[in-house]
Amino acid sequence: MKRILRILTQLNLNTIRFNFKYLPFSQAIRFPVFVAKQVYLSNLQGEIKIEGHVWPGKIKIGYGEIGIFDKQKSRSIWQVAGKVVFKGACNLGHGSKISVGDYGEVIFGENFSITAESSLICYKKITFGSACVLSWDILLMDTDLHSIYNAQGELINAPKEISVGDHVWIGCRCTILKGARIGSNSIVAAGTTINKTLLNENVILGGSPVRVLKEEVSWQV
Numbered sequence: 006m007k008r009i010l011r012i013l014t015q016l017n018l019n020t021i022r023f024n025f026k027y028l029p030f031s032q033a034i035r036f037p038v039f040v041a042k043q044v045y046l047s048n049l050q051g052e053i054k055i056e057g058h059v060w061p062g063k064i065k066i067g068y069g070e071i072g073i074f075d076k077q078k079s080r081s082i083w084q085v086a087g088k089v090v091f092k093g094a095c096n097l098g099h100g101s102k103i104s105v106g107d108y109g110e111v112i113f114g115e116n117f118s119i120t121a122e123s124s125l126i127c128y129k130k131i132t133f134g135s136a137c138v139l140s141w142d143i144l145l146m147d148t149d150l151h152s153i154y155n156a157q158g159e160l161i162n163a164p165k166e167i168s169v170g171d172h173v174w175i176g177c178r179c180t181i182l183k184g185a186r187i188g189s190n191s192i193v194a195a196g197t198t199i200n201k202t203l204l205n206e207n208v209i210l211g212g213s214p215v216r217v218l219k220e221e222v223s224w225q226v
């Protein structure tokens, strides 16, 4: 009974529309994706894939409770023309904005979480490992959005993949740009910008330019 009531409380138009637009009926009827009523479903032309067993609310979009934000006025945006893969449970907290271009692909690992108010723009590929936690006011983008050409008319700023390892904590107001590769079990300090490969594990990354601040560390929620 509790499970049924829980599902019924989330059955707003956004949740119904999202599940039955993207998923086969056998999955959609279980409502594995809960979408808050404040979420703006700007583009539903892409595709999503949910791997493994599905259950009600396995994936949540636009929910959360962060004291420094007014969730009643905070609006998440879903603008997906490409592909999004969910490998497990996922929480895209209130105010999260997901934009995936026609040829873009985003892969969220198991137990992925964005706390709130973060933006992800993907035109090529962005991959997260399992158990990653992103704080708030984070920007991830694998594209410059505008094309730049050299004197010979050749494109010199094509999109580049972003990859984040397993169990990575990205602090508030970080910027993760195209070409970034972050190693597993690491921490990205608040306000850090990363646009290169840093595959060291069990480290704290930070500073400007970004560097390893501390080694042999671990973290937990």
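In short: position in the sequence shown from 1, add 5, done, that's our numbering.
Ideal Cβ positions, reconstructed from N, Cα and C, are used throughout, including at glycine.
Cα-Cα separation between residue i and residue j, rounded to whole angstroms
| i | j | result |
| --- | --- | --- |
| VAL105 | ARG178 | 21 Å |
| LYS63 | PHE36 | 8 Å |
| ILE34 | PHE25 | 8 Å |
| ALA163 | TRP174 | 27 Å |
| SER168 | PHE30 | 32 Å |
| LEU49 | VAL208 | 38 Å |
| ALA185 | LEU145 | 10 Å |
| VAL111 | GLU166 | 10 Å |
| GLY114 | ALA136 | 7 Å |
| LEU182 | ARG22 | 32 Å |
| LEU218 | SER191 | 11 Å |
| GLN32 | VAL38 | 10 Å |
| LYS76 | GLU220 | 37 Å |
| CYS127 | GLY109 | 5 Å |
| ARG214 | LEU150 | Checking the displayed sequence, the identity of residue 214 turns out to be Pro instead of Arg. Distance between the alpha carbons of PRO214 and LEU150 is about 23 Å. |
| ALA41 | ASN200 | 32 Å |
| ILE17 | ILE103 | The sequence shown places Asn at residue 17, rather than the Ile named in the question. Their backbone Cα atoms lie some 20 Å apart in a straight line. |
| GLY196 | THR180 | 7 Å |
| LYS88 | SER152 | 22 Å |
| PRO61 | ILE187 | 32 Å |
| LYS46 | LEU28 | A small fix is needed here, since residue 46 is Leu in this sequence, not Lys. Computed Cα separation, rounded: 16 Å. |
| VAL226 | LEU160 | 42 Å |
| ILE143 | ASN19 | 25 Å |
| ILE132 | ASP107 | According to the sequence provided, residue 132 is Thr. The question's Ile does not apply to it. Approximately 17 Å between the Cα atoms of the pair. |
| LEU204 | ILE71 | 31 Å |
Of the listed residues the options, nearest to residue i (C-alpha basis)
| i | options | result |
| --- | --- | --- |
| LYS78 | VAL85, GLY87, SER101 and PRO61 | SER101 |
| GLU52 | TYR45, GLU70, TRP83 and PHE74 | TRP83 |
| GLY98 | VAL193, MET146, LEU210 and VAL138 | VAL138 |
| GLY134 | GLY211, ASN205, GLY170 and ILE21 | GLY170 |
| LYS130 | ASP147, TRP141, SER118 and ASP142 | ASP147 |
| VAL222 | GLU206, LEU160 and GLY211 | GLU206 |
| ARG216 | GLN225, THR202, ILE143 and TRP224 | THR202 |
| VAL193 | TRP141, LEU16 and LYS65 | TRP141 |
| SER81 | GLY87, VAL89 and LYS65 | LYS65 |
| GLY212 | VAL226, GLY176 and TRP224 | GLY176 |
| GLY69 | VAL85, ALA86 and VAL44 | VAL44 |
| SER118 | GLY72, LEU204, LEU210 and HIS172 | HIS172 |
Three-state secondary structure assigned by DSSP to residue i
| i | result |
| --- | --- |
| ARG35 | coil |
| LEU16 | coil |
| ARG216 | strand |
| LYS201 | coil |
| ASN48 | strand |
| LYS26 | helix |
Which runs of the beta strand (DSSP E) spanning at least 3 residues fall entirely within the segment 59-136, listed in chain order? 64-66, 82-85, 88-91, 95-97, 102-105, 110-113, 117-121, 124-127 and 130-133
Contact the segment 54-65 vs the segment 88-106: 3+ CB pairs below 8 Å: yes
Within the segment 132-175, ranges of the beta strand (DSSP E) (whole runs, at least 3 residues): The beta strand (DSSP E) runs of length 3 or more contained entirely in the segment 132-175 are, from start to end of the chain, 138-141, 144-146 and 167-169.
Between the segment 153-162 and the segment 111-130, are three or more C-beta pairs nearer than 8 Å? Cβ pair count under 8 Å is below three, so no.
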